[in-house]
Amino acid sequence: MDFVSVVIIEVLYAIASLALISAGLAVVFGMMRVINLAHGEFLMIGGYAAIVSVQAGINIYIAMLVVAPLVVGLLGLIVERCVIQFLYGRMLDTMLATWGLSLLLTGAVTMIFGNTTTGISTPIGGFSIGAYQVSGYNIFILVAGAALMAAIFLVLKTTRLGLVARGAMQSAEMTSGLGHNPKRIYMATFTIGAALSGLAGGILAPLTGLTPTSGGLYVAKAFITVISGGAAVVTGTLSSAGLFGALTQLTMLASTPVWGDVAMLFAAIVLLRLLPRGITGRFFTRQV
Amino acid sequence: MQFDRRSFLQSAAAISALTATGFAGRAYAAGGEIKLASIHDLSGLFDLYGKPMDQAVILALEEINAAGGLLGKKVDQVTYDTQSQIPLYTQFGQQAALKDKVSVVHGGILSASREAIRPTLDRFKTLYFYNTQYEGGVCDRNIFCTGVTPAQSVEALMPYAISKFGKKIYTLAADYNYGQIISKWVAYYAKQNGGEVIQTDFFPLDVSDFGATIAKVQSAKPDFVMSALVGGAHLSFYRQWAAAGMKSKIAMASTTLGAGNEQVVLTPAEGDGILLAYNYSKELDTPANKAFLDKWQKKFGDTKPIHELAVATYQGVLLWAAGVKKAGSIDRMKVIEALETGISIDGPAGKVTVDPKTHHCTLDVHVIEVKGQKMTVVKSLAQVPPKDTQSVCDLKANPNDTKQYEIKI
């Protein structure tokens, strides 16, 4: 019985961490159709921002939850102004530009921090369920993932800002005709997407430790989750993260991490063959 | 014989050129004719390992030259940066052998880099020293391996860990040839000491989430975990293990932690109590080690980067120098034969002796416990031979062997 609850926690944690690393990409790709290949590096820089702040003496929660998203949000704003804004609607060019950006960021971080592993300890200790020890930080990630998803949902569904953003994504011309400036909406959306990536990077940093090439670990999983999820930001991400997180984690528990990844990739291929527009292209089509 | 102005000028020029080269030649002989190549990753992913290894070469040569050099000649270092890229090893190996005509090459870190440069140096008949802890089994008369092999480290670690922690072992290893081979040795030495490996899991080098693994280990209830995890991503295992509060529940030993100074990256709470086995620890309380640390401090200003591989490199250069002295020549075969007499030196980590049949080394091995980011020696074994390679390799009987054997256990 203890083991079952440990397994449930591990599965929920896997789902939450997938949702976290995909949230920023879901906003940028799902809403703006911008393929940001530098997404992994945004996460990595969020992680570094958190680690550097902690080492400078800032409270770890402020570092993770405030500093990391601010830094990466600012970076996103600069990137959008200097690069992305000229490339809307040109998918291949955007891919190339953001790929170059990812190489640039990796190189820059390597020059600053060196090609070594940097890390901080998790701020929460473990607790026991029966005979088993569970990491308290996994629970924190679970809560953070759920809170983030809820926040995105509420903003998109209930606020005027969310309404305008969704409108701009559906028809930029119509929104423009109603007196909103689509360019500014895109800019804000990209910045928020980047800030979400930074937040996720900050939260995950104590768990894994970072190298300048850590971004590569995240980017594939994030893309698989977002594309399999389909167009809806929250429902799509949650449904595919739920599917892949549970599948990967259960396979891992039964065998090894290698088979866990194999199971996830296999499921993604089958899923996209059956539902080429993602889960929310067929189910939950009216959700955000 | 006609003697016009042109031919006079020509011969005068020739004579002066001859005398000039004659003088220059003599000056050169006194100045430095022996060249040593240091081929390490000084940038890129493995620079954490490579930089201190190159520094160790610099330090060793400075000492050798300060003591009058070898055979009355100065030893010059030629440094190559392989940038953590395997193809560059082949390229620089050729350059060292053919263009720079070095007498010996010290270098190589990953097993893959060694296997890239070894055939090149075999072909161009250039002596090679590989100064890294590795999986064992290389059998080649042109190479000397001065690092510890599994039989040396695991053999020391296992009885201590089993008597301290218990008999049931759960092995976690990196999924490439090193991890696969070392986990077999772990199983072998567990059995030898009355223990048992109840499960072995392998992890690709980029896995960084060990949540499921930690749950799995707990349900298997081992007495201790044996970790042969490698690299930056795997370091997160130790963090997550500590974060789950496992430190006080299940003990741990490792064959890899600390070789690149990982104990400094982890906090004391994460690293304390993990058992290791190496040839060297900075905490070794011997005059030789203190002198070594002093010299390093004076030369480079910081002893923090020193690790197992750097000390193995330092000892490798000293061994080569002892070989040259004994041979009285830098001729490759003469130096090899001199080293094969079972030559030994006293390095920072104690006595190191060349094993003539395998070209590996017999050396001291220490069982080490991580305490407050330091590697505290808890037990020392004197002069442990490389039994694993000895079981498959005999260069006395087969001097033309160039294989790396996979040791069957």
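Heads up: the protein sequence lines correspond to chains A and B, in order. Quick note, the first sequence lines up with residues 3 to 290 if you use the working numbering. Quick note, the second sequence lines up with residues 292 to 700 if you use the working numbering. C-beta atoms are modelled at their ideal positions from N, C-alpha and C, and glycine is treated no differently. Remember, predicted model here, so these are calculated numbers, not experimental data.
Which class does residue i belong to by DSSP, given the choice of helix, strand or coil?
{"i": "Glu697(B)", "result": "coil"}
{"i": "Glu272(B)", "result": "This structure does not reach residue 272(B), given that chain B is present from 292 up to 700, and the question cannot be answered."}
{"i": "Ser104(A)", "result": "helix"}
{"i": "Gly398(B)", "result": "strand"}
{"i": "Met93(A)", "result": "helix"}
{"i": "Ser539(B)", "result": "coil"}
{"i": "His41(A)", "result": "helix"}
{"i": "Glu574(B)", "result": "coil"}
{"i": "Ser19(A)", "result": "helix"}
{"i": "Ile131(A)", "result": "strand"}
{"i": "Val111(A)", "result": "helix"}
{"i": "Gly322(B)", "result": "A caution first: Gly322(B) carries a pLDDT of 47, below 50, which makes its placement in the model unreliable, though a value can still be read off. Residue state, collapsed to three classes: helix."}
{"i": "Gln368(B)", "result": "strand"}
{"i": "Val393(B)", "result": "coil"}
{"i": "Asp563(B)", "result": "coil"}
{"i": "Glu175(A)", "result": "helix"}
{"i": "Phe5(A)", "result": "helix"}
{"i": "Ser123(A)", "result": "coil"}
{"i": "Gly231(A)", "result": "helix"}
{"i": "Phe286(A)", "result": "coil"}
{"i": "Tyr569(B)", "result": "strand"}
{"i": "Leu520(B)", "result": "coil"}
{"i": "Thr547(B)", "result": "coil"}
{"i": "Leu249(A)", "result": "helix"}
{"i": "Leu418(B)", "result": "strand"}
{"i": "Asp646(B)", "result": "strand"}
{"i": "Val556(B)", "result": "helix"}
{"i": "Leu240(A)", "result": "helix"}
List the residues of chain E whose Cβ lies closer than 7 angstroms to the Cβ of residue i, in chain order.
{"i": "Thr558(B)", "result": "Although the question refers to chain E, the structure presented lacks it and instead comprises the protein chains A and B."}
Please name the residue in the options whose C-alpha comes closest to that of residue i.
{"i": "Tyr480(B)", "options": "Asn356(B), Ser454(B), Gly399(B)", "result": "Ser454(B)"}
{"i": "Gln606(B)", "options": "Lys616(B), Phe583(B), Tyr467(B), Ile541(B)", "result": "Phe583(B)"}
{"i": "Ala612(B)", "options": "Leu630(B), Ala603(B), Lys595(B), Ser682(B)", "result": "Leu630(B)"}
{"i": "Glu561(B)", "options": "Phe155(A), Ile122(A), Val228(A), Val8(A)", "result": "Ile122(A)"}
{"i": "Gly179(A)", "options": "Thr191(A), Ala190(A), Met189(A), Val166(A)", "result": "Val166(A)"}
{"i": "Val615(B)", "options": "Lys687(B), Thr577(B), Ile636(B)", "result": "Ile636(B)"}
{"i": "Met266(A)", "options": "Gln289(A), Ala222(A), Gly204(A)", "result": "Ala222(A)"}
{"i": "Lys694(B)", "options": "Lys458(B), Asp646(B), Arg432(B), Pro513(B)", "result": "Arg432(B)"}
{"i": "Glu426(B)", "options": "Arg409(B), Ala403(B), Lys573(B)", "result": "Ala403(B)"}
{"i": "Lys670(B)", "options": "Leu575(B), Ile634(B), Pro676(B), Thr604(B)", "result": "Leu575(B)"}
{"i": "Gly341(B)", "options": "Tyr421(B), Thr411(B), Ala452(B), Ala407(B)", "result": "Tyr421(B)"}
{"i": "Thr282(A)", "options": "Val36(A), Thr227(A), Val6(A)", "result": "Thr227(A)"}
{"i": "Val429(B)", "options": "Pro513(B), Cys684(B), Asn691(B), Lys625(B)", "result": "Cys684(B)"}
{"i": "Lys512(B)", "options": "Asp332(B), Gly457(B), Ile634(B), Val608(B)", "result": "Gly457(B)"}
{"i": "Val30(A)", "options": "Glu12(A), Thr258(A), Thr239(A)", "result": "Thr239(A)"}
{"i": "Val8(A)", "options": "Thr161(A), Ser130(A), Arg186(A)", "result": "Ser130(A)"}
{"i": "Gln57(A)", "options": "Met254(A), Leu255(A), Leu98(A), Ala207(A)", "result": "Ala207(A)"}
{"i": "Gly549(B)", "options": "Gly619(B), Ala506(B), Gly633(B), Glu660(B)", "result": "Glu660(B)"}
From which residue to which residue does the alpha helix (DSSP H) around residue i run?
{"i": "Leu526(B)", "result": "526-534"}
{"i": "Tyr188(A)", "result": "184-210"}
{"i": "Leu339(B)", "result": "338-357"}
{"i": "Asp679(B)", "result": "678-681"}
{"i": "Ala149(A)", "result": "138-160"}
{"i": "Val658(B)", "result": "Looking at the DSSP string, Val658(B) is not in any alpha helix (DSSP H); the run it does join, the beta strand (DSSP E), is 651-662."}
Following the continuous beta strand (DSSP E) through residue i, name the residue where it begins and the one where it ends.
{"i": "Cys436(B)", "result": "434-436"}
{"i": "Ser329(B)", "result": "325-331"}
{"i": "Cys84(A)", "result": "Not the beta strand (DSSP E): Cys84(A) falls in the alpha helix (DSSP H), residues 70-84."}
{"i": "Lys670(B)", "result": "665-675"}
{"i": "Ile377(B)", "result": "Element bounds for Ile377(B): not the beta strand (DSSP E) but the alpha helix (DSSP H), 377-385."}
{"i": "Leu686(B)", "result": "Premise fails: Leu686(B) is in no beta strand (DSSP E) and is neither H nor E."}
Handout entry: Touching by the beta-carbon criterion (3+ pairs, under 8 angstroms), the segment 435-445 of chain B and the segment 647-667 of chain B
Key = yes
Problem - At least three beta-carbon pairs within less than 8 angstroms, the segment 236-252 of chain A to the segment 10-26 of chain A - result: yes
Exercise for the section: Give a yes or no on contact between the segment 38-47 of chain A and the segment 166-182 of chain A, applying the rule of three or more CB pairs nearer than 8 angstroms. Expected result: no
Exercise for the section: Give a yes or no on contact between the segment 69-81 of chain A and the segment 188-200 of chain A, applying the rule of three or more CB pairs nearer than 8 angstroms. Expected result: yes
Practice task
For the segment 443-508 of chain B, list the alpha helix (DSSP H) runs that are entirely contained and at least 4 residues long, ordered along the chain.
Solution key: 468-483
Exercise for the section: Evaluate contact between the segment 131-140 of chain A and the segment 534-547 of chain B, counting only Cβ atoms and requiring at least three cross-stretch pairs below 8 angstroms. Expected result: yes
Handout entry: Touching by the beta-carbon criterion (3+ pairs, under 8 angstroms), the segment 367-378 of chain B and the segment 586-594 of chain B
Key = no
Exercise for the section: Determine contact between the segment 561-573 of chain B and the segment 442-458 of chain B, defined as no fewer than three beta-carbon pairs at a distance below 8 angstroms. Expected result: yes
Handout entry: In chain order, each alpha helix (DSSP H) run of at least 4 residues that lies wholly inside the segment 597-641 of chain B
Key = 599-618, 623-630
Exercise for the section: Indicate whether the contact test is met: 3 or more Cβ pairs, each with one atom in the segment 23-34 of chain A and one in the segment 149-167 of chain A, closer than 8 angstroms. Expected result: yes
Exercise for the section: Would you be able to state if there are at least three C-beta pairs under 8 angstroms between the segment 222-240 of chain A and the segment 471-479 of chain B? Expected result: no
Handout entry: Cβ contact (3+ pairs, closer than 8 angstroms) linking the segment 353-360 of chain B and the segment 385-393 of chain B
Key = no
Exercise for the section: Evaluate the contact criterion for the segment 91-98 of chain A versus the segment 51-67 of chain A: three or more CB pairs, one atom per stretch, below 8 angstroms. Expected result: no
Practice task
Please confirm if the segment 618-630 of chain B is in contact with the segment 662-681 of chain B, defined as three or more CB-CB distances below 8 angstroms between the two stretches.
Solution key: no
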